[in-house]
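**Q**
Numbering (this note's numbering), first residue to last: 16 to 271.
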């Protein structure tokens, strides 16, 4: 793990360049703690969560702790991680942050099968309802040509100036399940992943902007044609009469 790009310090942009002097200690916790592969050519490690022989129900965790002291993340809004579900079905991912007083921020999400993407974890309790939504954006989506996503629901509270642990885990599975984990890093100061995830989530015509599909309208003229084609007959007749009247007026002025 010494060369993995697992970064939890804004001053370290690439932990692989730090060799054995990483800003954290890697631990495992729980009977179902994952086996961790060597770093692959993409800079990811694979976390393999296996069934627990004695039937224990406690989650298994990969734990990152500061090498010394605590992390002060007061200046940022979220923790980000490059992650990928390595299975062809959705997996339950557990995330925890803990401060030095033992307070926790927790999240549980369904991690869909997809390519690698940057998952943002807000450093505060949040719900989609707080943003006027019943559910958050479907992850992942593409923003600025990069696959991204957001943990939509977090619970608990932490002192972000005194973070002592980051935990990434999974409930005990019935069969081995794998996720790929790359760099952990902090969002740049001044950015707000939570706000950005919900800003302009629908376009002017009420279409969801975080994905595309056959038949989705992209041009105002196409929208106008579709609306006209599906308008009530009386509206279509009135529009035809308006156009005919305009054409007659134009012809009359030309003859004059």
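Cβ coordinates follow ideal geometry from the N, Cα and C atoms, glycine included.
#1: Taking three-plus beta-carbon pairs below 8 Å as touching, is the segment 93-113 in contact with the segment 121-140?
#2: If we count the other Cβ atoms within 10 Å of its Cβ and call it buried at 16 or more, is residue 145 buried or exposed?
#3: Looking at residue 73 and residue 46, is the spacing between their C-beta atoms short of 8 Å?
#4: Buried or exposed: residue 126, going by 16 or more other Cβ atoms within 10 Å of its Cβ?
#5: Please classify residue 229: does DSSP put it in a helix, a strand, or coil?
#6: Between which residues of its own chain and residue 36 is the CB-CB distance below 6 Å, once the five residues before and five after are set aside?
#7: Leaving out five residues before and five after residue 228 in sequence, what residues of the same chain have Cβ atoms less than 7 Å from its Cβ?
#8: Distance, Cα to Cα, residue 56 vs residue 197?
#9: Going by beta-carbon coordinates alone, are residue 165 and residue 154 separated by less than 8 Å?
#10: If you drop the 5 nearest sequence neighbours on each side, which residues of the same chain put their C-beta closer than 8 Å to that of residue 118?
#11: Alpha helix (DSSP H) containing residue 213: first to last residue?
**A** For this structure:
#1: Contact holds between the segment 93-113 and the segment 121-140, because three or more Cβ pairs, one in each stretch, are under 8 Å apart.
#2: exposed
#3: yes
#4: buried
#5: coil
#6: Because the pLDDT of residue 36 is 46, which lies under 50, any placement of that residue in the model is unreliable, and the number read from its coordinates should be weighed accordingly. In its own chain, leaving out the 5 sequence neighbours on each side, no residue places its CB closer than 6 Å to the CB of residue 36.
#7: none
#8: 11 Å
#9: yes
#10: 171, 172, 173, 174
#11: For residue 213, the uninterrupted alpha helix (DSSP H) segment begins and ends at 208-213.
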